[in-house]
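S.K.:
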Amino acid sequence: MIFENVLIPLQLNESSARVAALTDAIELFGTTHAHIVYVSADTGAEISATRQDRLSELSQAVAKSGVRVTTEVSSGSPAVAIPRIARERGADYIAFSWKAKSWVQRTLVGSVTQDVVRLSDVPVFVHKRPIIHSTESHQGPILYATDFHETDTLAIPLLNDAALGPGEVVLLHSGERAPDPVAEGHRSQKVEAELARLASGCPNRSVTTRSVLGSPRRVITAQARRLGARLVVVGKSDNTSRIGSMLGSTAEAVVNQTSMSVLILSPDTRVAT
144 MIFENVLIPL QLNESSARVA ALTDAIELFG TTHAHIVYVS ADTGAEISAT
194 RQDRLSELSQ AVAKSGVRVT TEVSSGSPAV AIPRIARERG ADYIAFSWKA
244 KSWVQRTLVG SVTQDVVRLS DVPVFVHKRP IIHSTESHQG PILYATDFHE
294 TDTLAIPLLN DAALGPGEVV LLHSGERAPD PVAEGHRSQK VEAELARLAS
344 GCPNRSVTTR SVLGSPRRVI TAQARRLGAR LVVVGKSDNT SRIGSMLGST
394 AEAVVNQTSM SVLILSPDTR VAT
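In this note's numbering, the protein residues as written are 144 to 416.
1) Out of Glu-170, Ala-372, Ser-343 and Ser-263, point me to the one whose CA is closest to Lys-207's CA.
2) My understanding is that Ser-354 touches Val-334, with C-beta atoms under 8 Å, so please give their C-beta distance in whole angstroms.
3) Taking C-alpha atoms, which residue in Thr-175, Thr-166, Pro-266 and Val-182 lies nearest to Leu-155?
4) Under the three-state reduction of DSSP, which class applies to Ser-220: helix, strand or coil?
5) Does Val-398 come out as helix, strand or coil in the three-state DSSP assignment?
6) When DSSP builds the beta bridges, which residues end up paired with Arg-211?
7) Once DSSP output is grouped into helix, strand and coil, what is the label at Val-312?
8) Closest to His-176 by CA distance: which of Gln-195, Glu-157 and Thr-166 is it?
9) Name the residue from Thr-393, Arg-161 and Ile-145 whose alpha carbon lies nearest to the alpha carbon of Ser-318.
10) So, for Ala-321: in the same chain, excluding its five sequence neighbours on each side, which residues have a beta-carbon less than 6 Å away from its beta-carbon?
11) Could you tell me which of Ala-234, Ser-343, Val-377 and Leu-262 sits nearest to Glu-147, measuring between CA atoms?
12) Which word fits Thr-213, buried or exposed, when buried means at least 16 other C-beta atoms lie within 10 angstroms of its C-beta?
13) Mind pulling the alpha helix (DSSP H) runs of 4 or more residues that sit fully within the stretch 326-392?
14) Given a threshold of 16 other Cβ atoms within 10 Å of its Cβ, counted over all protein chains shown, does Ala-336 qualify as buried or as exposed?
15) By a C-beta neighbour count over all protein chains shown, 10 Å radius and 16 as the cutoff for buried, is Ser-343 buried or exposed?
16) When DSSP builds the beta bridges, which residues end up paired with Ala-238?
17) Quickly, what does DSSP pair Val-182 with across the bridge? List them, please.
18) Please classify Glu-157: is it buried, with 16 or more other beta-carbons within 10 angstroms of its beta-carbon, or exposed?
19) Are there 16 or more other CB atoms within 10 angstroms of the CB of Gly-378, so buried, or fewer, so exposed?
20) Since Ile-145 is in the beta strand (DSSP E), which residue starts that stretch and which ends it?
21) Taking the alpha-carbon positions, what's the Ser-404 to Gly-371 distance?
22) Hey, quick one: how far does the alpha helix (DSSP H) through Ala-168 stretch, first residue to last?
23) Please determine, among Phe-172, Gly-209 and Ser-220, the residue with the shortest C-alpha to C-alpha distance to Val-180.
24) Could you tell me which residues DSSP puts in a beta bridge with Pro-152?
25) How should Leu-356 be labelled, buried or exposed, when 16 other C-beta atoms within 10 angstroms of its C-beta is the threshold for buried?
26) Which residues bound the beta strand (DSSP E) around Ala-288?
27) Sort out for me which residues DSSP pairs Leu-408 with in a bridge.
28) Please determine, among Ala-298, Trp-241 and Ser-191, the residue with the shortest C-alpha to C-alpha distance to Pro-410.
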């Protein structure tokens, strides 16, 4: 499987219900091992007996699903420590249970999830809503926003996997209009051909393709809402320019501006064979 090993960073005030909902979601990715990490801002890796007991309770909530669980306590900046530990432990992805923050809160105190999305070179899953709604007969589509780069090689096998539940896959590309009609015609034809190529890699799915003009961060969030997507999958740009860092990535914008679960893929992700 692609995502056998997950790193789950937990705060000790997480509710057991939120942790159980996150566990239900990671099982859909074929995850068999969860490495739970608590990162303390205090120096040193020792925590009190009370905190250790709470970490054990949360770990047991994950283990109830049958997933093998290991735990770790670390210290330092969570935004730096979490991606580092993910690399060191060979995690295939990092999974967060989303906690909404206002714009003011994000500005003043920041967001660990947002920082990890920006800094991590392994995929990040942000759980907000169930990927499969057991009480609903109609399941919304899975939306994959593609720029036809490296992350397609990971995304397409994942999208084609029946474990993610029934329903349609929507392949979306967004970009700016070319400067003249001839160039726009060539651009449009190339986009349609690339979307058709990706669609052919999902024989187990009903696939719809969409090419929409506009800023990717705006188009992706608008299309996710319009389609009622149950999961949004987006590739993370490997552009680390200063201006890109200042403006924030498309992936960060999608995480902050959508109400559904989001999976961010990295161009450096290892693809299982």
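Backbone N, C-alpha and C fix where the C-beta goes; we use that ideal spot for every residue, glycine too.
M.R.: Taking the coordinates as given:
1) Glu-170
2) 5 Å
3) For the options Thr-175, Thr-166, Pro-266 and Val-182, the alpha carbon positioned closest to that of Leu-155 is the one of Val-182.
4) coil
5) helix
6) His-176
7) strand
8) Checked all of Gln-195, Glu-157 and Thr-166; the closest Cα to His-176 is Thr-166.
9) Contrary to the premise, residue 318 reads as Gly rather than Ser in this sequence. Among Thr-393, Arg-161 and Ile-145, the Cα nearest to that of Gly-318 belongs to Thr-393.
10) Glu-327 and Arg-330
11) With distances taken between Cα atoms, Glu-147 lies closest to Ala-234.
12) exposed
13) 359-370 and 385-390
14) By the neighbour-count rule (16 or more Cβ atoms within 10 Å), Ala-336 is not buried but exposed.
15) exposed
16) Phe-268
17) Ser-217
18) Buried, since its Cβ has 16 or more Cβ neighbours within 10 Å.
19) buried
20) First-last for Ile-145: undefined, no H or E at that position.
21) 11 Å
22) Start and end: 159-170.
23) Ser-220
24) Val-180
25) Burial call: exposed.
26) 285-288
27) Secondary-structure assignment with DSSP links Leu-408 through a beta bridge to Gly-378.
28) Check the Cα spacing between Pro-410 and each of Ala-298, Trp-241 and Ser-191: the tightest is with Ala-298.
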